[in-house]
Amino acid sequence: MSLFWRIFALNAVVLGIATALLLWAPVTVSVPVVLTEAVILVAGLVVMLVANAALLRIGLAPLDRLTRLMTTVDLLRPGQRLPEQGRGETAELIRTFNAMVERLEHERATSSARVLVGQEAERRRIAQELHDEVGQSMTAILLVLKRAADDADEPLRGELRQVQEITRGSLDEVRRLVRRLRPDVLEDLGLISALTSLTTGFATHAGLRVVRRFDSGLPALDQQTELVLYRVAQEALTNAARHAEAGLVEVSLHHTDGTITLAVVDDGRGTGAVREGAGIRGMRERALLIGATLDVTSQPHAGTQVRLTVPVPRKQP
Numbered sequence: 004m005s006l007f008w009r010i011f012a013l014n015a016v017v018l019g020i021a022t023a024l025l026l027w028a029p030v031t032v033s034v035p036v037v038l039t040e041a042v043i044l045v046a047g048l049v050v051m052l053v054a055n056a057a058l059l060r061i062g063l064a065p066l067d068r069l070t071r072l073m074t075t076v077d078l079l080r081p082g083q084r085l086p087e088q089g090r091g092e093t094a095e096l097i098r099t100f101n102a103m104v105e106r107l108e109h110e111r112a113t114s115s116a117r118v119l120v121g122q123e124a125e126r127r128r129i130a131q132e133l134h135d136e137v138g139q140s141m142t143a144i145l146l147v148l149k150r151a152a153d154d155a156d157e158p159l160r161g162e163l164r165q166v167q168e169i170t171r172g173s174l175d176e177v178r179r180l181v182r183r184l185r186p187d188v189l190e191d192l193g194l195i196s197a198l199t200s201l202t203t204g205f206a207t208h209a210g211l212r213v214v215r216r217f218d219s220g221l222p223a224l225d226q227q228t229e230l231v232l233y234r235v236a237q238e239a240l241t242n243a244a245r246h247a248e249a250g251l252v253e254v255s256l257h258h259t260d261g262t263i264t265l266a267v268v269d270d271g272r273g274t275g276a277v278r279e280g281a282g283i284r285g286m287r288e289r290a291l292l293i294g295a296t297l298d299v300t301s302q303p304h305a306g307t308q309v310r311l312t313v314p315v316p317r318k319q320p
C-alpha cells in the first residue's frame, strides 16, 4: 500500500468512527448548545485529533528516521543504514537511500585512494628535490664557508663560523623535513623501526616525553597499511604537540585476534567535544582507505586519545 493510501485509510478510520458515534450514540445537539453537549463534542474532537496524530506519527515514523539520518550521515563513517522493512513507497525510498549512500561511500573511498596515492607521490618528489637540490647545495655552501673561515682573519673568521652553524642547522632541518615527507626507514626496516624513529624525533624536537608500547611478533602487513599506520601516528603526534599542551604522550601498537590497534594518548588539556579539522578528517580518509576504524575521544583535563583499529586478514589454512 502506498503512503497516500495508508494516510487516507488512517483518516478514513478516524472519521468513520466519529460518524458512527454521531449516528448511533444517544447524543443530540440542542440550539442553543447545552454545556454538557459542548463538553462531549469538544472531548470527541480532542479524541479524534489525538487518534489521528498518533496514527499519522506511526505511519510517518520511517520518514522521520530517514530525515534524521540524511542530516547526520558522514561518508567518512561508513555503514550508516536504515533497516529495510515492508513494502510500499516508504520502504522503496529507504532502499534507494541506502543504495545511494553505499554508492557514495564506494566513490568516496575510490577518490580518496587516488588523492592519497597522489599525495604520497608528491611528498616523495618534494623530498627527493629537497635532498638532491637543496641539501647538496647547502652542503657545498658549508664546504665553501669552511675554507673561507680557515683562510680568514679575526673577526671575519668568527662571523664565518657563525654562518656555518646557521647553515648547518638549516641543513639538519631540511633533512628532518625529508624524513617526514619520505619515511625511508618504513620501507627499509619496517613499521616498528619507523614508529620508533618517528617518536624519538618527535620527543627531541617537541620537548615531550614519549612512551612506546609495541607488541612483538606483529603479523605481516602490506605496504599501504603500514603507511596508513605511520601517517596516522605522525598526524596524532603533531596534533598533540600543537594543541594538547601535553607533557607525556604514549604510543602503543597492539595485536589482538584479527586486528591491530594503534593508540596515541596524551595527558594534555583535552576539549570534551572533538573538533574535526583537516587533520582528523585526513586520518579518517586514510583509515577508510584500508577499511580501518578511527576513534578520537577527548576529555577536559584528561587528554586526547586517537585509536586506529585495523582488521588483519586471517591466513588461509
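Just so you know, we're using the numbering used here here: the sequence shown kicks off at 4 and counts up by one.
All C-beta atoms in this analysis are idealised placements derived from N, C-alpha and C, irrespective of residue type, glycine included.
Note that the structure is a prediction, hence the values are computed from the model and not measured.
Measuring only the C-alpha atoms, how far is Gly-138 from Ile-144? The residue labelled residue 138 in the question sits at position 135 within the sequence shown. The residue labelled residue 144 in the question sits at position 141 within the sequence shown. If you take the alpha carbons of Gly-138 and Ile-144, they lie about 10 Å apart.
Can you give me the Cβ contacts of Arg-310 inside the same chain, cut-off strictly under 6 Å, excluding the 5 residues immediately before and after it? Within the sequence shown, residue 310 is the residue found at index 307, counting from 1. Result list for Arg-310: Ala-266, Asp-298, in chain order.
Does Pro-186 pass the burial test, meaning 16 or more other C-beta atoms within 10 Å, or should it be called exposed? What you label residue 186 is simply residue 183 of the sequence shown in a count that begins at 1. Buried, since its Cβ has 16 or more Cβ neighbours within 10 Å.
What whole-angstrom Cβ distance do Val-231 and Ala-290 have, given they're in contact under 8 Å? Here residue 231 refers to the residue found at position 228 when the sequence shown is read from its first residue. Here residue 290 refers to the residue found at position 287 when the sequence shown is read from its first residue. So it is a contact: roughly 7 Å between Cβ atoms.
The stretch 215 to 232 contacting the stretch 240 to 250, beta-carbon criterion three pairs below 8 Å: no
In this structure, does DSSP put Ile-144 in helix, strand or coil? Within the sequence shown, residue 144 is the residue found at index 141, counting from 1. Here Ile-144 sits in helix by DSSP.
Between Val-17, Glu-123, Asn-242, Ala-116, which lies nearest to Gln-308 when the distance is taken from Cα to Cα? Here residue 308 refers to the residue found at position 305 when the sequence shown is read from its first residue. Here the closest residue by C-alpha is Asn-242.
According to DSSP, is Pro-65 part of a helix, a strand, or is it coil? Counting from one through the sequence shown, the residue named residue 65 turns up at place 62. Correct three-state label for Pro-65: helix.
Select from Arg-178, Pro-158, Val-118 the residue whose C-alpha is nearest the C-alpha of Thr-325. The chain is shown only over 4 to 320; residue 325 falls outside these bounds and no answer can be derived.
Could you tell me the boundaries of the beta strand (DSSP E) in which Leu-2 lies? Since the first residue of the chain shown is 4 and the last is 320, residue 2 is not available in this structure.
For Leu-13, which residues of its own chain have a beta-carbon under 8 Å away from its beta-carbon, when the five flanking residues on both sides are left out? What you label residue 13 is simply residue 10 of the sequence shown in a count that begins at 1. Around Leu-13: Asn-55, Leu-58, Leu-59, Gly-62.
Of the residues Leu-180, Val-315, Pro-65, the one placed nearest Gly-261, counting alpha carbons only: The residue labelled residue 261 in the question sits at position 258 within the sequence shown. Selected option, being the one with the closest Cα: Val-315.
4 or more residues per run - each alpha helix (DSSP H) lying fully within the stretch 257 to 298: 281 to 292
Classify Asp-191: buried if its beta carbon has 16 or more other beta carbons within 10 angstroms, exposed otherwise. As a first step, residue 191 must be located in the sequence shown, where it is residue number 188. Its Cβ having fewer than 16 others within 10 Å, Asp-191 is exposed.
With DSSP run on the structure shown, which of helix, strand or coil describes Gln-302? What you label residue 302 is simply residue 299 of the sequence shown in a count that begins at 1. Three-state DSSP puts Gln-302 in a strand.
With respect to the alpha helix (DSSP H) encompassing Arg-171, which residues constitute its N-terminal and C-terminal limits? Translated into positions along the sequence shown, residue 171 becomes position 168. Looking at the DSSP string, the run of the alpha helix (DSSP H) that includes Arg-171 is 159 to 184.
Measuring CA to CA, which of Arg-68, Leu-72, Glu-92, Ala-41 is closest to Ile-10? Within the sequence shown, numbered from 1, the residue matching residue 10 stands at position 7. Of the listed residues, the one whose Cα sits closest to Ile-10 is Glu-92.
Here's a check: name, in chain order, each residue in its chain whose Cβ is nearer than 6 Å to the Cβ of Gln-319, leaving out the five neighbours to either side. Counted from its first residue, the sequence shown places residue 319 at position 316. Bear in mind that a pLDDT of 43 at Gln-319, under 50, signals an unreliable position, so the model cannot answer this.
Enumerate in chain order the residues of its own chain whose CB-to-CB distance from Val-1 is below 6 Å, with the five nearest sequence positions on each side excluded. Outside the modelled stretch of the chain, which goes from 4 to 320, sits residue 1, for which no answer is possible.
Limits of the beta strand (DSSP E) - the one that Val-214 falls within: Locating residue 214 in the sequence shown gives position 211, counting from the first residue. Start and end: 212 to 217.
Would you mind sorting Met-286 into buried or exposed? The rule is 16 or more other CB atoms within 10 Å of its CB. By 1-based counting over the sequence shown, the position of residue 286 is 283. Under this definition Met-286 is a buried residue.
Once you ignore the five residues that flank His-304 on each side, which residues in its own chain have a CB closer than 7 Å to its CB? To locate residue 304, count along the sequence shown from 1; it is residue 301. For His-304, where only same-chain residues beyond five positions count, the Cβ hits under 7 Å are Arg-272, Gly-273.
For Leu-251: DSSP bridge partner residues: For this step, residue 251 is matched to residue 248 along the sequence shown. According to DSSP, Leu-251 bridges with Arg-212.
For Asp-225, three-class secondary structure by DSSP: Looking up residue 225 in the sequence shown gives position 222. Residue state, collapsed to three classes: coil.
Euclidean distance between Cα positions of Gln-237 and Gly-193: For the purposes of this step, residue 237 is identified with residue 234 of the sequence shown, where counting begins at 1. For the purposes of this step, residue 193 is identified with residue 190 of the sequence shown, where counting begins at 1. Taking the straight line from one Cα to the other gives about 15 Å.
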